[in-house]
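The listed protein sequences derive, respectively, from chains C and P. So the first sequence is residues 1 to 330, counted in our numbering. So the second sequence is residues 331 to 660, counted in our numbering. Note that beta-carbon positions come from the ideal geometry of N, C-alpha and C, so glycine has one too. A short write-up of the structure that comes next.
Number of protein chains: 2
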Amino acid sequence: MATIQDVATQAGVSVATVSRVINESPRVSPDARARVLEAIGRLDYRPNLLGRNLRRTEARVVLVVLPSISNPFYARIVEGIEDVARVEGFNVLLCNTGDEAERERVYLGMLSQRLADGAILMAPSLRVDELELLCHAHPLVQCCEFHAGATVSHVSVDDRAAARDAVRYLLSLGHRRIALVASHGSLVSDHCRFDGYRDALAEADVPFDPELVAYGRYDFATGRACGDAFFALPPPRRPTAVFAISDLAALGVVQAARAAGLRVPEDVGVVGFDDIAFASMVDPPLTTIAQPQYDLGRTAAEILFRQLRDPAAPPEDRFLPHRLVIRRST
Amino acid sequence: MATIQDVATQAGVSVATVSRVINESPRVSPDARARVLEAIGRLDYRPNLLGRNLRRTEARVVLVVLPSISNPFYARIVEGIEDVARVEGFNVLLCNTGDEAERERVYLGMLSQRLADGAILMAPSLRVDELELLCHAHPLVQCCEFHAGATVSHVSVDDRAAARDAVRYLLSLGHRRIALVASHGSLVSDHCRFDGYRDALAEADVPFDPELVAYGRYDFATGRACGDAFFALPPPRRPTAVFAISDLAALGVVQAARAAGLRVPEDVGVVGFDDIAFASMVDPPLTTIAQPQYDLGRTAAEILFRQLRDPAAPPEDRFLPHRLVIRRST
DNA sequence: TATGCTCGTGTAATCCGTTACACGAGAGGG
DNA sequence: CCCTCTCGTGTAACGGATTACACGAGCATA
Numbered sequence: 001m002a003t004i005q006d007v008a009t010q011a012g013v014s015v016a017t018v019s020r021v022i023n024e025s026p027r028v029s030p031d032a033r034a035r036v037l038e039a040i041g042r043l044d045y046r047p048n049l050l051g052r053n054l055r056r057t058e059a060r061v062v063l064v065v066l067p068s069i070s071n072p073f074y075a076r077i078v079e080g081i082e083d084v085a086r087v088e089g090f091n092v093l094l095c096n097t098g099d100e101a102e103r104e105r106v107y108l109g110m111l112s113q114r115l116a117d118g119a120i121l122m123a124p125s126l127r128v129d130e131l132e133l134l135c136h137a138h139p140l141v142q143c144c145e146f147h148a149g150a151t152v153s154h155v156s157v158d159d160r161a162a163a164r165d166a167v168r169y170l171l172s173l174g175h176r177r178i179a180l181v182a183s184h185g186s187l188v189s190d191h192c193r194f195d196g197y198r199d200a201l202a203e204a205d206v207p208f209d210p211e212l213v214a215y216g217r218y219d220f221a222t223g224r225a226c227g228d229a230f231f232a233l234p235p236p237r238r239p240t241a242v243f244a245i246s247d248l249a250a251l252g253v254v255q256a257a258r259a260a261g262l263r264v265p266e267d268v269g270v271v272g273f274d275d276i277a278f279a280s281m282v283d284p285p286l287t288t289i290a291q292p293q294y295d296l297g298r299t300a301a302e303i304l305f306r307q308l309r310d311p312a313a314p315p316e317d318r319f320l321p322h323r324l325v326i327r328r329s330t
Numbered sequence: 331m332a333t334i335q336d337v338a339t340q341a342g343v344s345v346a347t348v349s350r351v352i353n354e355s356p357r358v359s360p361d362a363r364a365r366v367l368e369a370i371g372r373l374d375y376r377p378n379l380l381g382r383n384l385r386r387t388e389a390r391v392v393l394v395v396l397p398s399i400s401n402p403f404y405a406r407i408v409e410g411i412e413d414v415a416r417v418e419g420f421n422v423l424l425c426n427t428g429d430e431a432e433r434e435r436v437y438l439g440m441l442s443q444r445l446a447d448g449a450i451l452m453a454p455s456l457r458v459d460e461l462e463l464l465c466h467a468h469p470l471v472q473c474c475e476f477h478a479g480a481t482v483s484h485v486s487v488d489d490r491a492a493a494r495d496a497v498r499y500l501l502s503l504g505h506r507r508i509a510l511v512a513s514h515g516s517l518v519s520d521h522c523r524f525d526g527y528r529d530a531l532a533e534a535d536v537p538f539d540p541e542l543v544a545y546g547r548y549d550f551a552t553g554r555a556c557g558d559a560f561f562a563l564p565p566p567r568r569p570t571a572v573f574a575i576s577d578l579a580a581l582g583v584v585q586a587a588r589a590a591g592l593r594v595p596e597d598v599g600v601v602g603f604d605d606i607a608f609a610s611m612v613d614p615p616l617t618t619i620a621q622p623q624y625d626l627g628r629t630a631a632e633i634l635f636r637q638l639r640d641p642a643a644p645p646e647d648r649f650l651p652h653r654l655v656i657r658r659s660t
């Protein structure tokens, strides 16, 4: 593989001049530039970026840390991040943590090892203090999920308002027994969506009934299990509608309803959260709170690059608008 | 940020000794080792991997090139690749090409720029000659899709046999008007699945009817459009079953059937391909050909690392077993 | 003609580890 | 007591680029 030295020799100039041509410095005579370009072409020279990166102390890589890329909700966000990163000349390194804090730590260690310049965290399993420490040393952005109170940039929808909108809508359809598939992790969306649910009930003077809240994760199995529990309740206590913390969980609820011999939406209404592509592919198409996934990704990346350019920039908290998408599951 | 020199000074040894400790060379006295480890701890030293990588001329990165991570079929494969890469100490760089050959070229350029050591291609849009050229210079594995005849390693299921099994199964249910949602790209799965379809029809002496084949891509919209066309046919000509080239397309077909007032599976049977997680979450759960996605990823990675260790290793062609998963859409 | 610019270019230091080679000390054998 | 080995360690070259600094040439100004 040709090196910059080979090009220099071939073109009859010094390595400095070759480097200047590559980096489009104006201080190169047209003549020298032509000879260098010619040599580069002849030798099929491509700069060794390991050398450049070492010299510049940058990797031009951003970490995208998430529990699992198999969750289609993240996939679309990643595309938003990638599109911004590409125009900035950065690469996206995918970091599946499987929700293990230790794997997350290993990946984030790449920052201090200089293999990455910044990171976007989707659902941090790190403790707040670790996060804070880290963000003093490296550009960091939380996307969608975040630790409330941490002085780390973040971008997300207003989860509380979004959940409130979803439940208000169910109330407006006349539902009074509205169940919630929730999660009690340490992330804001867990709390906020729960709070939004209670907000809406309180507004409508519908008493909160703990029997109508089941906890789990954000996946299909959780929805199925919670749904099974809800629909096992005898008719007066059984919910007539379910608000699920994610579309995946909502799909599980729909399946549980069918298994219990209930029709959606006639016997039970279901609302999801996220608006993944699948929400509109299934039958019945899912009513859900749409998160602007692609824009969440883009925005997170934009904030990250701002911090990369100006390390002194203060952390930003950005909220993007959500949207209630009414389909046929309600 | 501390460098190896700082550690050396702090520990009262030379940088060589520090390096030996880090790389677990046996030629270090227990005493020196202890002092070095102590200094590393005190300074919170982490080796700058840019320096190491330059010296070793490796990036410890594998490229995973695919059209779109939003397709859940790929997501699971990526996890298989990642799990193997992690134990090898490699990172996975995600390369969404959006099916643009140019973007694919840019990403693969990272190989010659030393930012990556090898690549796994999911659905190459490069020409065969480019591929061949590339694989002489760098370890390369094609996963799932591949250019037939290219002397580049690959791992996939036997697409032709798989499609044959799917159609045989529909025939065994008594279907005679079996439609196919196909694709006419240059990839093998396009051809092979088509061939398998014809194989099965021929075996059963069912005449091939071009009216029952529609072409598109692998996505939901394709399935919907092709399904709409099929179900617009008047009853004697209308298919009683559809075999779709992917689960996503099958989902589109199911939606089209519903839109046409047809019940699945009573009026029309649908079989997909891939067995993505969603196939079992929808209603009716999809009968499909399961590809061992995770293992496809693992195997591709294993072949890649074999080639990385021994660049002279001959290309491998590996076929993994598929499986007909019968659910309720047939 | 001397002075001071600008311009183009080259030399060499630098980024940070890794490792070939050299060297001195101590052990063991003859 | 000398020779040979092994062991632990250090020095310095090296990987491939970037860039501060220096320098000579050419030109304009005084």
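Asn-421(P) is bridged by DSSP to Val-391(P). The beta carbons of Glu-302(C) and Val-84(C) sit about 6 Å from each other, so the pair counts as a contact at 8 Å.
For Phe-561(P), none of the residues of chain C pass the 8 Å Cβ criterion, the least Cβ distance being about 15 Å. Among the residues facing chain P, Ser-70(C) is included, as its CB has a counterpart in that chain under 8 Å away.
Residues of chain C whose Cβ lies closer than 7 Å to the Cβ of Gln-335(P) do not exist, since the nearest Cβ in that chain is about 15 Å away. Nearest to Arg-657(P) by alpha-carbon distance, out of Ala-590(P), Ala-642(P), Asp-577(P) and Phe-560(P), is Asp-577(P). Within a 10 Å sphere around the beta-carbon of Asp-597(P) sit fewer than 16 other beta-carbons, which makes this residue exposed. Taking 8 Å as the cut-off, the beta carbon of Pro-569(P) is found closer than this to the beta carbon of Ile-508(P).
Residues of chain P with a Cβ closer than 8 Å to the Cβ of Ser-112(C) are, in chain order, Met-331 and Arg-376. In the DSSP assignment, Cys-135(C) falls within the alpha helix (DSSP H) that extends over 128 to 137. Beyond the five residues adjoining it in sequence on each side, Ala-607(P) comes within less than 8 Å, by CB distance, of Pro-402 and Arg-406 in the same chain, given in chain order. For Phe-603(P), the enclosing beta strand (DSSP E) stretches over residues 599 to 604.
Residues of chain C with a Cβ closer than 7 Å to the Cβ of Ala-609(P) do not exist; the shortest Cβ-Cβ separation is about 11 Å. Boundaries of the alpha helix (DSSP H) harbouring Gly-41(C): 30 to 43, taken from the DSSP string. Residue pairing by DSSP places Phe-573(P) opposite Leu-510(P) and Val-601(P) in a beta bridge.
Take the alpha-carbon of Leu-131(C) and the one of Val-65(C): they are about 13 Å apart.
For Ala-453(P), the three-state secondary structure derived from DSSP is coil.
Taking 7 Å as the cut-off between beta carbons, the residues of the segment 74 to 96 of chain C near chain P are Ala-75, Arg-76, Val-78, Glu-79, Glu-82, Asn-91, Val-92, Leu-93, Leu-94 and Asn-96, in sequence order. Listed in chain order, the non-local C-beta contacts of Asp-488(P) below 6 Å within the same chain comprise Phe-649, local neighbours out to five positions each way being set aside.
With fewer than 16 neighbouring CB atoms inside 10 Å of its own CB, Asp-361(P) falls in the exposed class.
Pairing Val-167(C) with Gly-149(C) gives a Cβ-Cβ distance that is not under 8 Å. Put simply, the CB of Phe-273(C) is far from chain P, with every gap to its CB atoms at 8 Å or more.
Taking Ser-610(P) as the centre and dropping the five residues before and after it, the same chain places the C-beta of Leu-616 and Arg-657 closer than 8 Å to its C-beta, in chain order.
Looking at the backbone, the Cα of Arg-457(P) and that of Phe-420(P) are separated by about 28 Å. Where Leu-531(P) is concerned, the enclosing alpha helix (DSSP H) starts and stops at 518 to 533. Within 8 Å of the CB of Gln-585(P), the CB atoms of chain C belong to Met-281 and Asp-283, in sequence order along the chain. As the crow flies, the alpha-carbon of Ala-341(P) is around 50 Å from that of Gln-623(P). Taking the beta carbon of Arg-657(P) as reference, no residue of chain C falls within 8 Å; the closest one sits roughly 12 Å away. In this structure, Met-110(C) sits near Ala-116(C), with a CB-CB distance shorter than 8 Å. Contact between the segment 46 to 54 of chain C and the segment 226 to 240 of chain C is absent: fewer than three C-beta pairs spanning the two stretches fall below 8 Å. DSSP links Gly-448(P) through a beta bridge to Val-392(P). The Cβ-Cβ distance between Pro-566(P) and Ser-659(P) does not fall below 8 Å. Annotation: Asn-23(C) has no Cβ neighbours in chain P at a cutoff of 9 Å; minimum Cβ distance is about 15 Å. Neighbourhood of Leu-384(P) in chain C, by CB distance below 7 Å: Leu-50, Gly-51 and Leu-54, in chain order. Interface residue (Cβ-Cβ distance to chain C less than 8 Å): Ala-555(P) is not classified as such.
Within the same chain, and ignoring the five residues on either side of Ala-214(C) in sequence, the residues whose Cβ sits closer than 8 Å to its Cβ are Ala-179, Leu-180, Val-181, Ala-182, Ala-225, Cys-226, Ala-229 and Phe-230.
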